[in-house]
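The numbers in this note's numbering rise by one with no breaks, and the one at position 305 of the sequence shown is 305.
One structure is given here, and the rest of the page talks about it.
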Amino acid sequence: MSIVSNISPLAPKNFPIMHSISGVRFATANAGIKSGDSEDATLILLEPETVIAGLFTSSMTRSAPVIDCQNKIGINVENTGAAIIVNSGNANAFTGRHGELAVREIIAELSTRVQIPVERIFSSSTGVIGELLEYQKIINVFDHLVDSLHVSKIENAARAIMTTDTFPKGSSVKVSSSGGKITISGIAKGSGMIAPNMGTMLVYIFTDALIDKNDLQSIVSDLNEETFNCITVDSDTSTSDTLLVSATGKSGIRVNNNDLDFREGLRKVMLDLAHQVVCDGEGASKFIEVSVTGAVDRKEAKLHAMSIANSPLVKTAVAGEDPNWGRIVMAIGKSGASADRDKLSIRLGDILVAEDGWVSPHYKESDGAAYMKRQRLNLNVDLGIGTGSAKVWTCDLTDRYIEINADYRS
């Protein structure tokens, strides 16, 4: 598998300062799953009393690790720690009984090493689909992983879970509450095969908040709908999408489903990571926000927004800096949601392009062309038939996307 080296032009200048989370330690190693000498195995160890919420891919061909995680996420095992083991370079998806065996063997061996029940060990794999995972290579680095665990190695983990990603993705905030400061930090990987329809690619978020598991699951599910479920790079839903949010409780500050400050802090981290995934879309050169208002309801607004965001014609027009607003009209018409040609309006940023079923009399093509040269774009549509609204985020579609995916296994 070829790993991309050219960093996305949309990448942040630096990996962010990450606040450490009490009760969470990280370790990474080169297990030899990926080609070359890059690290490709990650161990995350969580102290006892940590509660974990999770969301997973909706794919009907989901991987063995995802199925195992889904079976465990609702199990309550008291007074024990937890662990997350991740490999990159091989998705362990569509690998039959061998894939299931690989998950069992990895988890059983790790359970012995860290003295944590198998029900509290979650695994993830990302990379090529359909190739057998040489799981013994991962087991062989367990001693190194366990011996090198440290609270400060979250950036190492962010790098080790990368595949075609061009930069590591992290986000961290401190949230004020009546009891003091709560910390939330997370990492993600994702670049292609991004249209989650569940949670996301691989995302691991940690907080020292003290929260009931059901409340955490409810909050994560709610926030997912306005963050990771609102991004798309290429409309392809991965077999391996996993989002795990772990709360260690070490701050001693209790929060619940109604704590607005905690919800907003977690939303910021989730949205930041989601945007970074879009900015690292394979071959991306432009970040696009699609905003739809005036729809019948939010569901229909999102259908329109995703139709625009997933349209190859819209995305290639953006790549070519062509203000071809007719392609937005096309995408609205094919979405399957309600629309009235004579009531909708389209704007490129603040520039009114079309209204009343026709091009705006005040629109100048030169203004549209100038706007399209920006690196970050807003495509705004108002349907004029209701109060529903939605925002989604995507990137352009360039020749580089084809190059990356044509060479993916070489």
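From the three backbone atoms N, C-alpha and C, an ideal C-beta is built for every residue, glycine too.
Rounded C-alpha distance that separates residue i from residue j
i: R267; j: L223; result: 6 Å
i: S88; j: I138; result: 11 Å
i: T242; j: S366; result: 44 Å
i: I194; j: C69; result: The predicted model places I194 with a pLDDT of 48, which falls under 50 and marks its position as unreliable, so this point remains unresolved.
i: R376; j: G368; result: 14 Å
i: T207; j: A406; result: 39 Å
i: G283; j: T398; result: 6 Å
i: S63; j: S125; result: 8 Å
i: I426; j: T57; result: The structure shown has nothing for residue 426, since the chain only spans 1 to 410.
i: S422; j: T164; result: Examination of residue 422 is not possible in this model, given that the chain is present from 1 through 410 alone.
i: I205; j: S172; result: 9 Å
i: E49; j: I253; result: 14 Å
i: I404; j: G190; result: 14 Å
i: N324; j: A354; result: 11 Å
i: L260; j: K181; result: 14 Å
i: R120; j: P65; result: 13 Å
i: F15; j: D342; result: 47 Å
i: V314; j: I308; result: 7 Å
i: G449; j: I106; result: With the chain covering only 1 through 410, there is no way to say anything about residue 449.
i: L46; j: G281; result: 31 Å
i: G99; j: A91; result: 9 Å
i: K299; j: R97; result: 39 Å
i: I219; j: E78; result: 22 Å
i: N380; j: I402; result: 28 Å
i: S35; j: G127; result: 12 Å
i: K373; j: S178; result: 46 Å
i: I52; j: A41; result: 21 Å
Residue range of the unbroken beta strand (DSSP E) whose run includes residue i
i: T42; result: 41-46
i: E289; result: 287-295
i: C395; result: 388-395
i: F206; result: 202-207
Reduced DSSP secondary structure (H/G/I, E/B, other) of residue i
i: N378; result: strand
i: I33; result: coil
i: G99; result: helix
i: F167; result: coil
i: L210; result: strand
i: T189; result: Reading off the sequence shown, one finds Lys at residue 189, where the question assumed Thr. In the structure shown, K189 sits in a strand (DSSP, three-state: E or B).
i: V359; result: strand
i: I3; result: Residue placement at I3 cannot be trusted, given a pLDDT of 45 that sits under 50; what the coordinates show is reported in the next sentence. Looking at I3 - three-state DSSP - the assignment turns out to be coil, as it is neither helix nor strand.
i: D342; result: coil
i: V77; result: coil
i: L132; result: coil
i: T112; result: helix
i: N14; result: coil
i: H19; result: coil
i: T316; result: helix
Opposing strand residues paired with residue i [DSSP bridges]
i: F122; result: I84
i: L55; result: L243
i: G411; result: The shown model of the chain, from 1 to 410, leaves out residue 411, and the question about it has no answer.
i: H150; result: F26
i: V173; result: I184
i: G127; result: G89
i: I351; result: L348
i: I231; result: W393
i: R254; result: L210
Host alpha helix (DSSP H) of residue i (start-end)
i: A337; result: It is not in any alpha helix (DSSP H) - A337 carries neither H nor E in the DSSP assignment.
i: E300; result: 298-310
i: S221; result: 213-224
i: A274; result: 260-279
i: V66; result: 64-72
i: Y135; result: 135-139
i: D367; result: 365-371
i: I282; result: Reading off the sequence, residue 282 comes out as Glu, not Ile. Note, E282: premise wrong, no alpha helix (DSSP H); not H, not E.
i: R400; result: 399-406
Interface flag, residue i vs chain B, CB-CB below 9 Å
i: V151; result: The structure shown contains no chain B; it is built from a single protein chain.
Taking 8 Å as the cut-off, does the segment 319-333 touch the segment 300-310 (at least 3 CB pairs, one atom from each stretch)? yes
So, do the segment 381-397 and the segment 281-301 have three or more beta carbon pairs nearer to each other than 8 Å? Touching, per the Cβ criterion.
Are the segment 101-117 and the segment 138-147 touching, with three or more C-beta to C-beta distances below 8 Å? yes
Across the segment 345-360 and the segment 254-274, are there enough close Cβ pairs to call them in contact, namely three or more that are closer than 8 Å? no
Stretch pair the segment 147-158 + the segment 16-34: three plus CB contacts closer than 8 Å: Contact holds: three or more Cβ-Cβ distances are below 8 Å.
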